[in-house]
Each structure stands twice: as structure tokens, then as C-alpha cells.
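In what follows, a structure is listed as C-alpha cells, so that the remarks can point back to it.
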Amino acid sequence: MIFAVASLIVVASSRGAIAQDTATAVTVATQTAPVGSDTVRFGGRTIEAGDTVTGPVVVAAGDLRVRGTIRGTAVAVAGDILVEPGGSITGDAIAVLGSVINERGVIAGTARAFTGSFSWLKDVEETSGPGPRRGTADAMGLSLGWFVIMLLIGIGVLVFAGAYLDGVTDVLEQSFWRSFLVGIAGELGVIPVMILLVVALAITVVGILLIPFAIVAYILAVAGFLTLGFLSVSRLAGGGLVSSRGEARGRALRALVFGIAIFMGGWVLAAAFQWSPLISGILQMIALAVTWVAATAGFGAAILSRGGTHRDAAKKAMVDESAAWQTPTPITGVAAARKPVRTG
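Okay, so the sequence shown: first residue is 310 according to our numbering, each after it adds one.
So, in C-alpha cells, the structure goes:
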């Protein structure tokens, strides 16, 4: 379930905890990546030779190739940073779930790579050796990595597709259980609809050639609806924990961060008890159930709002239901007007 997005800046010269680095990353990213900026790219990016880009430069779900100059920090999430000959990064080079590869280039700052485990978890692995602690460290690293990825995806969606996120959230807030039922129907119909799509395209010769592209586009659309819906549920859940003060965009960001922390926190907690199969299994089932309900309701709201483009999808149903109580006059207890009678 990846809708492509990310922005993470970690600036630190000394060794420290990943929590502090991530907090700094989110703060810098939200301050330096205004709507429509060129700071964040999805799917990879190449800084060509002779080009100079002012950082921070963030790439998600792809590699960052540096052949020119980046003035500032370079970050890759779920990808590698490759500094090729002639390339230069004046700040830090940070790869989350990736590697920093210096191919005779210049990295003036610190090169860091957070791969399978975070820095504070690597110390545990080195000292404890194989055993339950190592399995717990690996599970924690994986769950925290997904938490960071979902957090960055949410920030990216809020920055670049905030209107669609608002539309899905509005429908979800007005009719949660209706969205949940529609989401169940949508999940059950994902495979049959794809089969019907393939059969319909297979009727013609041109359609047969389009089948691979149609399948990819269909999968991306379903993944996008699921991600958009889950983020909407997270924002709605976190909205009750944040203050109503401040700018609207700032409140939305805080609500989204708190909501993602609520849902992903269950998985992190289950990973922390990886040393106990019983406790970890119970916590994983709870986290799975909560995540499924959130994703299903969000998926249904995304379908009802057509990806956030129709915010009044639930309002229409509310108006129709509110009109059901109306009855024609006269109403019991109210005297009807008497028709005047002429007297001769």
C-alpha cells in the first residue's frame, strides 16, 4: 500500500537516537517544502553534471544520483544516494532504508544509512548476539521503518494532495459506518472487477495490447484509494487529540501525525514484545484488526467521494433522511384553518 511520498531531513553531526533525528526531519521538511516546491521527488531523481540545487533534496521510493552539486542535505527514503565522480553534497547524505554510495564524489557532511535496523538497535545486536533480543531488534526496526514511511507519505499527501484528503475526511466524518460497509463491498469486488476489466479488453485486438497497462493502472488506483482512505482515518482519529488553535494546515498536520502514531503504535508495541510469541501474537491480532477497520472505512469513503473530488456524497443522504419526518398539513394537535362562509 504505497502512494509514493516522502520527506525526511535528519541533521546531526554526532551519534544520537533515531527519535531525535526523525523529529528534526519532520520539522525541517514541513518548514522547507511549501506547496508546489521542488524539494520532494518520488520515484528517483538525478542531479545532472553542471547543475546546482539548493537543498534539502528529498527522494522517496527511488535512488538519488548526484552528478552535479547539492547545496545542503540530501535524503533518500527507500532508496540509495549515489554520489558519482564530479558530484558534490555540501551537507549531510542520509539514506533511510537504503545506502549511501560515494563513487569518488564529495560529501562534505556526514554520510548515514538507516537500513534494516536503526542505530540504537544496532548496538543491541552487536552486544547480544543471536537470540530473542536480535529478533526483537529486527522487528522493531521494521515496524519503526514503516512508521516513518507512513508518516512521510502522510506529510506528502497533505502538502501535495490536501484537497483530496479533505474530501475523503469530510465524507468519512459524516458517515463512518456507511463508508465501512462500502469499503467491505469494495474489497470483495477488487478481484472480480479486475477480471471483468481484462475480459472486456480482450474482446478487441487493441484491447489485448492494453491489458498489461490497464492492470498496472488499476492496481495503482486501488492502492491510492487505500492509502488516501487510511490517511483520512488517521487524520480524523488524531483530530480529537490536537488543539484547535493555530493555522488550519498546522492543525491538520498535527492531527495526521497523531493519528498515524495511534495506528502504527500497535505494530511497534507488538514488535517490542517479539521475545514473547504469545504476547506478540495477541498484540499483532489487535493491531491487524484496528488497521483493517481503519483501512476499510477509509477505502469506502474514498470510493464514495470518488477520490476526494465529491465531498457532498454523504450530505445528500443526510438531507434525504431529514425530510422523511415531514407530513402534509393538518398535523395532529394543530387546528386547520376554517374556510370563510358567506351569509345572505
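Beta carbons: idealized from backbone N, C-alpha and C, even for Gly.
Rounded straight-line distance, which links the Cα of Met573 to that of Leu537 = If you number the sequence shown from 1, residue 537 lands on position 228. If you number the sequence shown from 1, residue 573 lands on position 264. For Leu537 and Met573, the distance between alpha carbons rounds to 16 Å.
In this structure, what does DSSP give as the bridge partners for Ala385?
-> Walking along the sequence shown from the start, residue 385 turns up at place 76. Residue pairing by DSSP places Ala385 opposite Val368, Ala404 in a beta bridge.
Cβ-Cβ separation, Val551 to Arg560 (assumed contact under 8 Å), whole Å | In the sequence shown, counting from the first residue as 1, residue 560 sits at position 251. In the sequence shown, counting from the first residue as 1, residue 551 sits at position 242. Rounded to the nearest angstrom, the Cβ distance from Arg560 to Val551 is 6 Å, consistent with a contact under 8 Å.
Quick one: Cα of Ala387 to Cα of Pro394, how far?
-> Along the sequence shown, read from residue 1 onward, the residue named residue 387 stands at position 78. Along the sequence shown, read from residue 1 onward, the residue named residue 394 stands at position 85. Their Cα atoms are separated by approximately 23 Å.
So who's on the other strand from Leu373, going by DSSP bridges?
-> As a first step, residue 373 must be located in the sequence shown, where it is residue number 64. Under DSSP, Leu373 shares a beta bridge with Arg354, Ile390.
With 16 other Cβ atoms within 10 Å as the buried cut-off, status of Gly440 | For this step, residue 440 is matched to residue 131 along the sequence shown. With a pLDDT of 46 at Gly440, under the threshold of 50, the predicted position of this residue should be treated as unreliable, and no value is reported.
Inter-residue spacing [alpha-carbon to alpha-carbon] between Leu613 and Gly377 = For the purposes of this step, residue 613 is taken as residue 304 along the sequence shown, with counting starting at 1. For the purposes of this step, residue 377 is taken as residue 68 along the sequence shown, with counting starting at 1. Each residue's alpha carbon lies about 46 Å from the other.
Ala446 classed as buried or exposed, judged by whether at least 16 other C-beta atoms fall within 10 angstroms | Start at 1 with the first residue of the sequence shown, and residue 446 comes out as number 137. The residue is buried, with at least 16 neighbouring Cβ atoms inside 10 Å.
Would you call Pro501 buried or exposed, if buried means 16 or more other Cβ atoms sit within 10 Å of its Cβ?
-> To locate residue 501, count along the sequence shown from 1; it is residue 192. Pro501 comes out exposed.
Go ahead and pull the three-state DSSP assignment for Ala422.
-> Indexing the sequence shown from 1 puts residue 422 at position 113. Strand.
Can you say whether Met576 is buried or exposed, counting buried as having 16 or more other CB atoms within 10 angstroms of its CB?
-> Position 267 of the sequence shown holds residue 576. Note on residue identity: the sequence assigns Trp, not Met, to residue 576. Per the 10 Å Cβ criterion, buried.
Stretch pair the region 562-571 + the region 457-469: three plus CB contacts closer than 8 Å = Result yes; three or more Cβ-Cβ pairs closer than 8 Å.
Taking only the alpha-carbon atoms, compute the straight-line gap between Arg615 and Gly549 and give it to the nearest angstrom.
-> Locating residue 615 in the sequence shown gives position 306, counting from the first residue. Locating residue 549 in the sequence shown gives position 240, counting from the first residue. In a straight line, the C-alpha of Arg615 is about 26 Å away from that of Gly549.
Looking only at its own chain, which residues have a Cβ that is under 6 Å from the Cβ of Ala509, when we skip the five neighbours before and after it?
-> To locate residue 509, count along the sequence shown from 1; it is residue 200. Nothing listed; no residue qualifies.
Is there contact here, the region 413-420 with the region 397-405, by at least three beta-carbon pairs under 8 Å?
-> The region 413-420 makes contact with the region 397-405: 3 or more CB pairs, one atom from each, lie closer than 8 Å.
Run the CB neighbour count on Ser541, radius 10 Å, all protein chains shown included, and call it buried at 16 or more, exposed below.
-> In the sequence shown, the residue the question calls residue 541 occupies position 232. Buried: at least 16 other Cβ atoms inside 10 Å.
Would a C-beta distance cut-off of 9 Å place Ala448 and Ala422 closer than the cut-off?
-> In the sequence shown, counting from the first residue as 1, residue 448 sits at position 139. In the sequence shown, counting from the first residue as 1, residue 422 sits at position 113. Not a contact, by the Cβ cut-off of 9 Å.
Uninterrupted alpha helix (DSSP H) stretches inside the region 440-473 (no shorter than 4 residues) | You should have 441-469.
When you compare only the Cα positions, how much space is there between Pro392 and Asp372?
-> Mapped onto the sequence shown, residue 392 falls at position 83. Mapped onto the sequence shown, residue 372 falls at position 63. Looking at the sequence itself, residue 392 is Val, so the reference to Pro does not match. Looking at the backbone, the Cα of Val392 and that of Asp372 are separated by about 11 Å.
Would you identify the three-state DSSP class for Leu510, choosing helix, strand or coil?
-> To locate residue 510, count along the sequence shown from 1; it is residue 201. In the three-state scheme derived from DSSP, where H, G and I count as helix and E and B as strand, Leu510 is classed as helix.
Within 9 Å, strictly: CB atoms of Gly609 and Arg487 = Reading the sequence shown from its first residue, position 300 is the one you call residue 609. Reading the sequence shown from its first residue, position 178 is the one you call residue 487. Yes. Within cutoff.
Per-residue DSSP class, three states only, for Leu587 = Taking the first residue of the sequence shown as 1, we reach residue 587 at position 278. Leu587 falls in the helix class under three-state DSSP.
Would you tell me roughly how many angstroms separate the C-alpha atoms of Gln656 and Gly476, rounded to the nearest one?
-> For the chain, the structure presents residues 310 to 653; residue 656 sits outside this window and is missing.
Where do the ends of the alpha helix (DSSP H) carrying Val577 lie?
-> The residue you call residue 577 lines up with position 268 of the sequence shown. Bounds of the alpha helix (DSSP H) holding Val577 are 557-581.
Val542 by DSSP, collapsed to three states: which one?
-> One-based indexing of the sequence shown puts residue 542 at position 233. Note: Val542 maps to helix in three-state DSSP.
Among Leu406, Glu496, Phe456, the one whose alpha carbon lies nearest that of Asp389 | The residue labelled residue 389 in the question sits at position 80 within the sequence shown. A check of alpha carbon separations from Asp389 across Leu406, Glu496, Phe456 identifies Leu406 as the nearest.
Rounded to the nearest angstrom, how far is the Cβ of Gly353 from that of Val368, given a contact under 8 Å?
-> As a first step, residue 353 must be located in the sequence shown, where it is residue number 44. As a first step, residue 368 must be located in the sequence shown, where it is residue number 59. Their Cβ separation, rounded to whole angstroms, is 6 Å, which keeps Gly353 and Val368 in contact under 8 Å.
DSSP bridge partner residues for Gly397 (one or two, in chain order) = Indexing the sequence shown from 1 puts residue 397 at position 88. Looking at the sequence provided, one finds Ser at residue 397 rather than Gly. Checking the DSSP bridge columns, you'll see Ser397 partnered with Thr378, Val415.
Does the beta-carbon of Ile464 have 16 or more other beta-carbons within 10 angstroms, so that it is buried, or is it exposed?
-> Locating residue 464 in the sequence shown gives position 155, where the first residue counts as 1. Its Cβ being crowded by 16 or more others within 10 Å, Ile464 is buried.
Bridge-paired residues (DSSP) for Val362 = By one-based count along the sequence shown, residue 362 stands at place 53. The partner list for Val362 (beta bridge, DSSP) reads Ile379.
Look at the Cβ atom of Trp715, then the Cβ atom of Gly444, and state whether they are nearer than 9 Å.
-> The requested residue 715 does not occur in the structure, where the chain is confined to residues 310 to 653.
Once you ignore the five residues that flank Ala511 on each side, which residues in its own chain have a CB closer than 6 Å to its CB?
-> On the sequence shown, position 202 is the one that residue 511 refers to. So the list reads Ile517, once near-sequence residues are dropped.
With a threshold of 8 Å, establish whether the CB of Trp601 neighbours any heavy atom of the ligand ATP.
-> No copy of the ligand ATP appears in this structure; indeed no ligand is present at all.
Straight-line gap, Glu357 to Thr382 (C-alpha atoms, nearest Å) = Looking up residue 357 in the sequence shown gives position 48. Looking up residue 382 in the sequence shown gives position 73. For Glu357 and Thr382, the distance between alpha carbons rounds to 17 Å.
Exposed or buried, what is Arg554 when buried is set at 16 or more other beta-carbons lying within 10 Å of its beta-carbon?
-> Working through the sequence shown from its first residue, we reach residue 554 at position 245. Taking a 10 Å sphere around the C-beta of Arg554, we find fewer than 16 other C-beta atoms and assign the residue as exposed.
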